[in-house]
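Chemist: Take a look at this one; I'll ask things after.
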Amino acid sequence: MKISELFYSIQGEGKRAGMPSFFIRTNYCNLRCMFKSGNLCDTSYTSWHPDDDKNLGETSIESISDKYREFLCKDIVITGGEPTMYADELLLLCKKLKKVNKDSFITIETNGTFIGEFINYTDLISLSPKLKSSVPFDTPQKKMHDKSRINLKVLRKYNSLYKAGKLNIQWKFVFTSGEDIKEIKSLQSEIRFKNENVFLMPEGVSEKDLKKTRPETVKACLENNYNYTDRLHILIWGNKRGV
3 MKISELFYSI QGEGKRAGMP SFFIRTNYCN LRCMFKSGNL CDTSYTSWHP DDDKNLGETS
63 IESISDKYRE FLCKDIVITG GEPTMYADEL LLLCKKLKKV NKDSFITIET NGTFIGEFIN
123 YTDLISLSPK LKSSVPFDTP QKKMHDKSRI NLKVLRKYNS LYKAGKLNIQ WKFVFTSGED
183 IKEIKSLQSE IRFKNENVFL MPEGVSEKDL KKTRPETVKA CLENNYNYTD RLHILIWGNK
243 RGV
């Protein structure tokens, strides 16, 4: 698999926030997020500017599982980039990690544009569909990103599996303004996912950014009966790699 980094830290977002976790960050993404603040996504080194000199590159599943054995914490987070771009390898990786630790809790963080058999070896799918506020402005990637950012067919499949009791999911959205709420509500009417599984997260790649966007995010959660999640890793370490 094409890997950016492997590290041990705490989960900073969502319903597993605070849990000691082994992170597997894949390299490359099919989208190019940019927000009105001018911030790129907080892992632009896997998308906008792949840092191949620092990224691990092609890494065997055996090497990844060996690294996990150093920690053997319960939680494993497979993130990116966009890990589901590598659906076949992701399936093999999840199978291997479950063999190493049958009690492991595997979370896959995804933008929800791909799905695969890896879901059968996953304990939580963390869906983060990209809203209109993520569309880059005045860049060649604008049209590509806007066309690809929402895959209703795939999102409906994830939600139908959740409704059938076959999958645990959370919906995690980056919040920038009230316009985001309108789009989230529109998605809810199309897909029928529950408020109890929705998390709003303030946009920002620094503590200063989060301080600015946090109050409106909390307000939106209270007004719409959504969950709030902060970004603990940024509050503790800033926008650094390997944490």
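Counting in the numbering used here, the sequence shown runs from 3 upward without gaps. We treat Cβ as the ideally placed atom computed from N, Cα and C, and that holds for glycine. Note that the coordinates shown come from a computational prediction; the quantities given were computed from them, not determined experimentally.
1. State the start and end residues of the unbroken beta strand (DSSP E) segment that holds Q1.
2. Report the partner residues of G59 according to the DSSP bridge assignment.
3. How many angstroms separate the CA atom of T231 from the CA atom of I66?
4. What are the residues that DSSP puts in a beta bridge with I12?
5. Is R158 closer than 7 Å to I193 when the C-beta atoms are compared?
6. Assuming contact is defined by CB atoms lying nearer than 7 Å, are C96 and Y123 in contact in what I supplied?
7. Tell me the DSSP bridge mates of I66?
8. DSSP three-state call for Y230: helix, strand or coil?
9. Grab me the residues of G206's own chain with a C-beta within less than 6 Å of its C-beta, minus the 5 sequence neighbours each way, in chain order.
10. Do S128 and G240 have their C-beta atoms within less than 7 Å of each other?
11. Is the beta carbon of L202 sitting closer than 7 Å to the one on C223?
12. Tell me the DSSP secondary structure of R216 in three-state form.
13. Checking the sheet assignment: what are the DSSP bridge partners for S130?
14. Anyone know if the C-beta pair for D68 and S23 falls short of 7 Å?
15. Report yes if the CB atom of F177 is closer than 7 Å to the CB atom of T219, and no otherwise.
16. Apart from the five residues just before and just after C31, which ones in its own chain have a Cβ nearer than 7 Å to its Cβ?
17. On the DSSP bridge assignment, give the partners of T112 in chain order.
18. Can you give me the start and stop residues for the beta strand (DSSP E) that L202 sits inside?
19. How far does the alpha helix (DSSP H) with V207 in it extend, from its first residue to its last?
Modeler: Concretely, from the data shown:
1. Any answer about residue 1 is impossible in this case: the structure gives the chain only from 3 up to 245.
2. Your numbering for residue 59 matches position 57 in the sequence shown. Per DSSP, I5.
3. The count along the sequence shown starts at 1 and reaches residue 231 at position 229. The count along the sequence shown starts at 1 and reaches residue 66 at position 64. Approximately 29 Å between the Cα atoms of the pair.
4. In the sequence shown, the residue the question calls residue 12 occupies position 10. According to DSSP, which records beta bridges pairwise, I12 is partnered with P22.
5. What you label residue 193 is simply residue 191 of the sequence shown in a count that begins at 1. What you label residue 158 is simply residue 156 of the sequence shown in a count that begins at 1. Cβ distance < 7 Å, so I193 and R158 count as in contact.
6. On the sequence shown, position 94 is the one that residue 96 refers to. On the sequence shown, position 121 is the one that residue 123 refers to. Contact: yes.
7. One-based indexing of the sequence shown puts residue 66 at position 64. For I66, which the question treats as bridged, DSSP gives no partner whatsoever.
8. Residue mapping note: residue 230 aligns to position 228 of the sequence shown, counting from 1. Strand, per DSSP.
9. The count along the sequence shown starts at 1 and reaches residue 206 at position 204. For G206, where only same-chain residues beyond five positions count, the Cβ hits under 6 Å are L212 and T215.
10. To locate residue 128, count along the sequence shown from 1; it is residue 126. To locate residue 240, count along the sequence shown from 1; it is residue 238. No, the Cβ-Cβ distance between S128 and G240 is not below 7 Å.
11. Taking the sequence shown and counting its residues from 1, one reaches residue 202 at position 200. Taking the sequence shown and counting its residues from 1, one reaches residue 223 at position 221. In contact: L202 and C223 (Cβ atoms closer than 7 Å).
12. Sequence index remark: in the sequence shown, residue 216 carries index 214 (1-based). Helix, per DSSP.
13. Counted from its first residue, the sequence shown places residue 130 at position 128. Bridge partners of S130: none, in fact.
14. For the purposes of this step, residue 68 is taken as residue 66 along the sequence shown, with counting starting at 1. For the purposes of this step, residue 23 is taken as residue 21 along the sequence shown, with counting starting at 1. Contact: no.
15. Taking the first residue of the sequence shown as 1, we reach residue 177 at position 175. Taking the first residue of the sequence shown as 1, we reach residue 219 at position 217. Taking 7 Å as the Cβ cut-off, F177 and T219 qualify as a contacting pair.
16. For the purposes of this step, residue 31 is taken as residue 29 along the sequence shown, with counting starting at 1. Correct list, in chain order: T48, S49, G82, G83 and E84.
17. The count along the sequence shown starts at 1 and reaches residue 112 at position 110. According to DSSP, which records beta bridges pairwise, T112 is partnered with L129.
18. Translated into positions along the sequence shown, residue 202 becomes position 200. Counting along the chain, the beta strand (DSSP E) containing L202 begins and ends at V200 to P204.
19. Sequence index remark: in the sequence shown, residue 207 carries index 205 (1-based). Where V207 is concerned, there is no enclosing alpha helix (DSSP H), given that its DSSP letter is neither H nor E.
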